[in-house]
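K.L.:
There are 2 protein chains.
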Amino acid sequence: MSNLFMQAAIEEARRGLAEGGIPIGSVIAYRGEIIGRGHNQRVQKGSAILHGEMDALENAGRQTADVYRESVLYTTLSPCAMCSGTILLYGIPRVVIGENQSFMGEEELLISRGVEVEVLQDPECLDMMRRFIAEQPHLWNEDIGV
Amino acid sequence: MSNLFMQAAIEEARRGLAEGGIPIGSVIAYRGEIIGRGHNQRVQKGSAILHGEMDALENAGRQTADVYRESVLYTTLSPCAMCSGTILLYGIPRVVIGENQSFMGEEELLISRGVEVEVLQDPECLDMMRRFIAEQPHLWNEDIGV
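Order-wise, the sequence lines are chains A and B. Under full-length UniProt numbering, the residues of the first sequence are numbered 1 to 146, in order. Under full-length UniProt numbering, the residues of the second sequence are numbered 1 to 146, in order.
(1) Starting from the Cα of His-51(A), find the closest Cα among Pro-23(A), Leu-126(A), Phe-132(A), Val-96(A) and give me that residue.
(2) CB of Val-119(A) to nearest heavy atom of the ligand MN: below 6 Å?
(3) Does DSSP put Ile-49(B) in a helix, in a strand, or in coil?
(4) Go ahead and label Asp-122(A) buried or exposed: buried means 16 or more other beta carbons lie within 10 angstroms of its beta carbon, across all protein chains shown.
(5) Look at the Cβ atom of Ser-78(B), then the Cβ atom of Gly-105(B), and state whether they are nearer than 7 Å.
(6) Quick check on the burial criterion: 16 or more other C-beta atoms within 10 angstroms. Buried or exposed for Ser-84(A)?
(7) For chain A, check one thing: does any of its Cβ atoms lie closer than 7 Å to the Cβ of Leu-77(B)?
(8) Could you list the residues in the segment 52 to 77 of chain B with a C-beta less than 8 Å from some C-beta on chain A, going in chain order?
(9) With DSSP collapsed to three states, give me the class of Ile-22(B).
(10) Restricting to Cα atoms, I'd like to know which of Asn-40(A), Val-115(A), Glu-142(A), Glu-19(A) is closest to Leu-89(B).
(11) What is the rounded straight-line gap between the Cα of Thr-86(B) and the Cα of Ser-26(A)?
(12) Any C-beta of chain B within less than 8 Å: which residues of the segment 111 to 143 of chain A qualify?
(13) Between the alpha carbons of Ala-134(B) and Glu-124(B), how many angstroms are there, rounded?
(14) Since I believe Tyr-74(A) is in contact with Ala-29(A) (beta carbons under 8 Å), could you give me their beta-carbon distance rounded to a whole number of angstroms?
(15) Output the residue ranges of the alpha helix (DSSP H) runs that lie fully inside the segment 85 to 120 of chain B and measure 4 residues or longer, sorted by chain position.
Laid out in structure tokens, this is it:
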């Protein structure tokens with residue numbers, strides 16, 4: 001089950017890459033169904049806030065707290081401070097991460113606030129990000145505020 | 001100077017209220033000039049992520065780290081975990097807050113990471129939020145994930 005959702009997040013990342021964007025994808029699952037999916041839109045929409053996780057949450061639309069509190073967020077890359085803060089805002093209790101070797105986000109903050117964090121170290125996620133960072137370091141730095 | 005920027009953030013909040021939305025506004029100032037301004041768009045755009053601060057950052061467009069690191073974010077209300085996380089992502093060094101009595105955001109987290117936080121306890125900001133929360137508690141709760 002978990003792997004199917006991560007596969008959908010990876011598909012989103014690939015779609016972003018094919019569009020000329022940053023290859024990070026995300027999916028929100030509620031009671032075993034995908035309610036939102038998306039990918040980083042910095043290049044495509046000129047967006048400073050649509051990281052993959054944010055795009056998935058935005059595409060899930062307005063939800064009440066009880067939905068978020070039974071949802072799982074899947075993301076191909078360790079969530080940055082913005083995306084982690086959003087997970088905390090909405091009380092999403094569980095986050096499954098493709099990999100955290102090319103970028104380590106705010107996993108410690110999430111864990112300290114009681115969020116369950118699982119890291120898969122998925123080779124495909126890692127390979128996609130490593131290539132991208134090597135090929136477009138300036139774009140990547142812009143995305144993480146460096 | 002600081003008050004002029006907060007006045008612009010308050011104007012944004014009023015604009016949001018006039019549109020039937022949640023009255024929270026924000027402005028990003030870089031070297032004394034407004035580079036982005038916005039207001040909460042939950043109602044207007046059906047958005048789960050466009051809090052006032054996020055809308056202002058999105059409207060500022062793609063910026064490099066050196067711009068954010070010399071910017072000040074003004075917001076009529078204490079920034080939630082999402083908006084605080086975004087401030088941390090981009091390394092915005094200073095945040096000026098209209099009030100934190102109707103809602104206390106992640107000010108301690110910001111301060112613990114070295115962000116300078118100033119709270120004005122502006123009566124107009126407080127009055128706008130108190131009225132709004134009393135009139136539309138369900139919408140307000142949705143916005144803060146409660």
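Yeah, the Cβ is synthetic: ideal placement off N, Cα and C, and Gly gets one too.
P.N.:
In short, the structure shows the following:
(1) Taking the first sequence and counting its residues from 1, one reaches residue 51(A) at position 51. Of the candidates Pro-23(A), Leu-126(A), Phe-132(A), Val-96(A), the residue whose Cα lies closest to the Cα of His-51(A) is Pro-23(A).
(2) The ligand MN is absent from the structure shown, which contains no ligand whatsoever.
(3) Here the question's residue 49(B) lines up with position 49 in the second sequence. Ile-49(B) falls in the coil class under three-state DSSP.
(4) Taking the first sequence and counting its residues from 1, the one referred to as residue 122(A) is at position 122. Its Cβ being crowded by 16 or more others within 10 Å, Asp-122(A) is buried.
(5) On the second sequence, residue 78(B) is found 78 positions in, with the first residue counted as 1. On the second sequence, residue 105(B) is found 105 positions in, with the first residue counted as 1. For the pair Ser-78(B) and Gly-105(B), the CB atoms are nearer than the 7 Å cut-off.
(6) For this step, residue 84(A) is matched to residue 84 along the first sequence. Buried, since its Cβ has 16 or more Cβ neighbours within 10 Å.
(7) As a position in the second sequence, residue 77(B) is number 77, starting the count at 1. Answer no: the Cβ-Cβ gap between Leu-77(B) and chain A never drops below 7 Å.
(8) The residues in question are Met-54, Leu-57, Glu-58, Ala-60, Gly-61, Arg-62, Gln-63, Thr-64, Ala-65, Tyr-68.
(9) Along the second sequence, read from residue 1 onward, the residue named residue 22(B) stands at position 22. Correct three-state label for Ile-22(B): coil.
(10) Here residue 89(B) corresponds to residue number 89 of the second sequence, with the count starting at 1. Answer by Cα proximity: Glu-142(A).
(11) As a working note, residue 86(B) is residue 86 in the second sequence. As a working note, residue 26(A) is residue 26 in the first sequence. Roughly 18 Å between the two C-alpha positions.
(12) Of all residues in the segment 111 to 143 of chain A, only Asn-141, Glu-142 place a beta-carbon less than 8 Å from a beta-carbon of chain B.
(13) On the second sequence, position 134 is the one that residue 134(B) refers to. On the second sequence, position 124 is the one that residue 124(B) refers to. Taking the straight line joining both Cα atoms gives about 16 Å.
(14) Walking along the first sequence from the start, residue 29(A) turns up at place 29. Walking along the first sequence from the start, residue 74(A) turns up at place 74. At roughly 7 Å, the Cβ-Cβ gap stays under 8 Å, so Ala-29(A) and Tyr-74(A) are in contact.
(15) Unbroken alpha helix (DSSP H) runs of no fewer than 4 residues, entirely contained in the segment 85 to 120 of chain B, are found at 107 to 112, following chain order.
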